[in-house]
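Its first residue numbered -17, the sequence shown is counted upward by one per residue in the working numbering.
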Amino acid sequence: MEKNLIKALIVMSKHALKILVLQTLFISVSFANGTYSQSMNSIYLDLNLQNVKLEKAFEVIEQKTEFQFAYVESNIPLHNTITIESKQESLQDILGKISQRFSLKFKRINDRIIVKSIPNNFKTSLEDTSQDRIKVEGKIIEEESGDVLMGATIQLKGTNTGTTSDFDGNFSITVPVNSVLIISYLGYENKEVTVTSEEVLTIPLTISSSALNEVVVTALNIKRAEKTIGYATQRIGGGELEESNETNLLSTLSGKIAGVQITNTSGAIGGSSSIILRGNKSISGKNQPLFVIDGVPISNEVHQTSRVFGGPSNPNESGFLGEGVGGGEQQVDYGNAAGEINPADIESVQVLKGANAAALYGSRAANGVILITTKSGKGQKGLGVTLTSSISMQTPLKTPKFQTEFGKGNNGFYGYPDLNTNIGRNFGPRFDGQIIPQYNPNAPGVPINRPWVNRLGEDPIGDFLEAGTTFINGFSITNGDEKGSFRLSYTRFDQEGMVPNTDLIRNTVGFNATYNASQKFTVGASVNYINSKSDNRPNIGAKSESNIIFTLLQLGGNESLDELRRNYWEPSRVGEQQATSDESVNNPYFLVNENLNGNRRDRVYGNIRFNYKITDHLSLDIKTGRDFYSDKRTTRKAFSHIPYRNGFYAEANVFFREDNTDFLLTYNNKLSSDFSLTLIGGGNHFNQKIEEIRGNSGVDGLVTPGFFNLSNSASIPTAQNFISRKRINSLYGGATIGYKDYLFLDLTARNDWSSTLPKDNNSYFYPSASLSAVVSEMFNLSALRTDYLKLRASYAEVGNDTDPYQTTPLTFRGGSAEGISVNSISGVLNNKDLIPENIISKEVGVEAGFFKGRFGFDVTYYQTENEDQIAEIPLATESGFLERVINVPATIINKGVELSLNVTPLKTPSFTWDVTLNWAKNENEVKDLTILDRITLAERWINLDIVDGGSFGNFYGDYLLRVDQNGNLGREGLQIFRPDGRSEESDDVGNLVDEAKPLLGNATPDWIAGIQNSFTYKNINLSFLFDINKGGEVYSRTYVVGNQLGSLEESVTLQRRDDPVAVQGAIDNGQTVESGEQWVALQGALLDSDTGETTPTTIYARTSNFYRRYFDNDAVGTFDRTFVKLRELKLTYSLPKPFLKKIKLQDANISLFGRNLLLWDDVPHIDPEVAGYSGELPGGEFFAIPSARSIGMSLNVKF
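The following block contains the structure:
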């Protein structure tokens, strides 16, 4: 592991040096000196000039600033004297005093100040010159970014005279000398500027400390002032996402949005992430929010090859190899569709958390909406170029710890296939250096005599995994003028995973353009192309013989990873026979190098949009968008793979297409001085088509080793295809009524017609209503130091449909008999009487800000009720079906609290400390489930069950039956045994268990929180984010199996493995313990099957049997899921603005960053954050690849 780390660091350093040198040369050659754009009103000087000549005063000012005075000497009284005493006085005010003293006027042009004399007929006193008119020109920009602000209002104070800034932020206005101009712009603080002379001003505006002035993107991509919204939303800027340097867009949201829970599947490259807003709601397992880019929905399917939730309803979730092919579970995680989106192309992400916010998007938004707005080039004048580059290294955050005292074997005896059959577990002799004939890696089948010592180490998984590397390089080109703008971007993503020989390459091209054809008509378009390619992704299935973590757990402590790596082919049989010390376990290096899961995905998504301004109050928007991808996936199993001895090949081609077409009419008018009205009306046509064609070589494998093609199948290949189509037509409308700009009522309604529901029930209507009251504008709260105070409340109903083909019987091709094709009916009885699901959502909230933006909070209480959910329930076998689709008579209730807190504890001109807290708590309850005792949603050792009175996320499993001091049977006290160590009511290894599968835990945390601190000193920023998960439980299959195998450290510390001692008369599983075997003594209780009474006793057991028994229950592998992670740490240095101006750069910064750096938890061996089966079985961990700790650096240049 250490060698790999050093090697990766050297590679990273070389690449980083090349990138830095090339970009530095490019910048140096391309640019020369720039201009100075700081306003004279924002330059403060200390002057102490006593009776000096005016010429000298000009020279001192030139020395202290970057301005130069220009004048005709004969017209300026340069030799007259003046006294100037100023303490941090603005340059503009100083020149105003000089102007009054000598009857001069000043006009600034770039870095020069033109000085002219005022004619004698002009009055020079303040009173007399107040009516002299001057022409003031300037530009309005955003203070933080320097971006120009188009449409800002410049108004002469106390009058109705004013103007607005143009496309480039420029303005011109003629006003009296010494006038005060008020500059205002939505979302920014108003600014007053006194003008005493003609000059060209650059006026920076500060983003408003009042969140109510922010512009929020809402449903249907409608932009509204935050004060008008009656439901909870939260926004993250695109810069914050890009600076996270996370490879998966979804992971960047973790800890930054209240009520959003992100769970990663594992540390595998390109792995999927589960995102849940306000708890799980749907028993169908579809709890992911809708993703919308620039107003058009896109797919967020989880691209995997097998599933545990219900049956195969989607080709992205279907059994890739099919049941019975090798008996394994060949699951590969191909990631989320939304995770492919390039963070560098994102302007902002707005999270609409509940049905209240998302009602206008219909049933697909029942779990909330993630609104993504992409960068467009808007506001750019002329050509602009941005270069980005980052490099990072990934290492395991936490790996299982192995015991190093005992080697391979059973009950104290060593063995491998060439000697005896005592193999497969680490219950062999203790390591003491004795000479034992052992497996010979250089000549399998010929034992080698060597010392019996540990060669595997205590961290073989960490040693096997490599330091992964990630390189991200990209550029964007923007241009714009008053007629339109465009942005073209390209990003190259290269990643090598921690699992050896795994990789992912992604190329992303994005284009976004807007053209103002006239004052009334605007057209825009965006298109994005993503090409993803991987030669190998790791298997993650819990029952897969190719799962690399499961394989490493089966290694013997006496084996060497170096030897396994050097010799994974048997001599003289390269390509035909792997070398392994255990005929039931694959060599791990053989798995990762010769058994590959590749894929290539080409994806295009985008939209075309039109806006026509019919009148000053009425406009029409038309938009059509498409999301399309094709994905070719292959699986290769080399000859001698266990159990595919003759090799194996499978191939699948997945095609996905989704079209959305919308129209929207918007009417906006001020009805009177008190009332405003906004009306919207529109419709949507949704059309989705999914196809998959897949085939495999079958159980007989391949004819020729190494030739992976279906034509090389030893028997007739197996082939299948799948087609799914779905359409929804929708109409919607809404009204927003405003009163005195502080009270807003919002009403919406939508009706959907879905093709997946029966004709008589395919229409469903749902309304919503929300109220927003800005209390701080109703009453004067200045005494409370209140910036703003808003109360809000909302109510919404959302309908929901189901998957295609749930209402009519399905027929499948079932093979042939005597040359005649045979068809079969699906084992699921569909339902022609299905009705739409219904979701009712209520929420109330308070937003407040104090002390000029230094303190603010947003708190929300919500409750949702999901009724009439559509699901499959089991049927009696005599019915001829296995399951039936019904509307489940049950209600799932989620209720909770969300809190966002923003504090600036310290702020000076050069230093700022900001703290952000996001906290959320969700409680879930299942009510009125009467049709069954329980519904099993997923099952892998533990069951994810829905039980009346229980909670979604509860998982159930068995535990060892025990008796306490009072004679009560349960989970506490002494373990119960029969006299022979077995029981008719026991499990398959002899344990007496509770067969009712009692509750073990719940995957849902008690609460989640994210705490972010940001420290800014001049041009340096240090920020870090802690992600906290309190409560909940996790079941670890790694812990259970690793100890059953005698590999992990608990298999030594739980019960001491004594020296081999015979126990006279001891019985283990009905067999007498043999002399010389390892054994353990157990304090338990015997159960009398006739009386039910228990008697304390001592039970003896072979060591391997004890550990197999003890860990073969679900309760022992269940742990408290509480954890704290240092999710992000980032140090950024931005080059000073004056220096950037000189070299004609807009921005440049370099960052050092880290993600998932530290973990505090009490779960042994694994990261408790991971979720099994791409989040389909929350609370379960099944040999997950360790999550990754990432450290790297990035460089961003904008010019």
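Glycine included, each C-beta is placed from N, C-alpha and C at the ideal position.
For clarity, every value in this text was computed on a predicted model and none was experimentally measured.
Is the CB-CB distance between residue i and residue j below 7 Å?
i: T473; j: T490; result: yes
i: G151; j: K173; result: no
i: A507; j: A524; result: no
i: S1018; j: G1099; result: yes
i: S750; j: A717; result: no
i: T355; j: V199; result: yes
i: P856; j: T912; result: no
i: N349; j: P271; result: yes
Taking the beta carbon of residue i as the centre, do at least 16 other beta carbons fall within 10 Å, making it buried, or is it exposed?
i: F937; result: buried
i: H61; result: exposed
i: Q332; result: buried
i: L365; result: exposed
i: L369; result: buried
i: G133; result: exposed
i: Q1065; result: exposed
i: D1041; result: The predicted position of D1041 is uncertain, since its pLDDT is 46 and thus under 50; a value taken from the coordinates is nonetheless stated next. D1041 should be labelled exposed.
i: D1144; result: exposed
i: T789; result: buried
i: I373; result: buried
i: R1137; result: buried
i: G1206; result: Summary: the structure shown does not reach residue 1206, with the chain confined to residues -17 through 1181, and so no result is reported for it.
i: N424; result: exposed
i: R94; result: exposed
i: Q1026; result: buried
Going by DSSP in three states, residue i sits in which element: helix, strand or coil?
i: A991; result: strand
i: K1124; result: helix
i: M760; result: helix
i: Q1026; result: helix
i: S147; result: coil
i: Q702; result: strand
i: R437; result: coil
i: F40; result: helix
i: T784; result: coil
i: D463; result: strand
i: A1170; result: strand
i: G835; result: coil
i: F409; result: coil
i: A830; result: strand
Identify the continuous beta strand (DSSP E) that holds residue i and give its terminal residues.
i: F645; result: F630 to K652
i: D276; result: Where D276 is concerned, there is no enclosing beta strand (DSSP E), given that its DSSP letter is neither H nor E.
i: S372; result: G366 to P378
i: Y316; result: D315 to N318
i: Q32; result: Y26 to K35
i: T356; result: V351 to T356
i: P158; result: N152 to P158
Considering only residues of the same chain and omitting the five flanking positions on each side of residue i, which have a CB-CB separation below 8 Å?
i: G304; result: Here the model assigns G304 a pLDDT of 29, short of 50, so the residue's position is not dependable, and the following value carries that caveat. These residues qualify, in order along the chain: N678, T700 and Q702.
i: P442; result: F384, L534, L537 and L543
Hey, quick one: how far does the alpha helix (DSSP H) through residue i stretch, first residue to last?
i: D75; result: L73 to F84
i: T1085; result: T1085 to F1093
i: D443; result: It is Ile, not Asp, that sits at residue 443 in the sequence shown. Counting along the chain, the alpha helix (DSSP H) containing I443 begins and ends at P442 to F446.
i: I530; result: I530 to L535
For residue i, which residues from the same chain have a beta carbon less than 6 Å from its beta carbon, with the 5 sequence-adjacent residues on both sides left out?
i: D775; result: The sequence shown places Ala at residue 775, not Asp. Result list for A775: L753 and V826, in chain order.
i: S758; result: T768, Y770 and L771
i: Q957; result: L942, R944 and G1066
Who are the Cβ neighbours of residue i in its own chain at under 7 Å, not counting the five residues just before and after it?
i: N529; result: N521, I522, G523 and F1165
i: P786; result: S706, R707, K708 and T738
Flag residue i as yes if its beta-carbon sits less than 7 Å from any beta-carbon of chain C, otherwise no.
i: V828; result: In the structure shown, chain C does not exist; there is a single protein chain.
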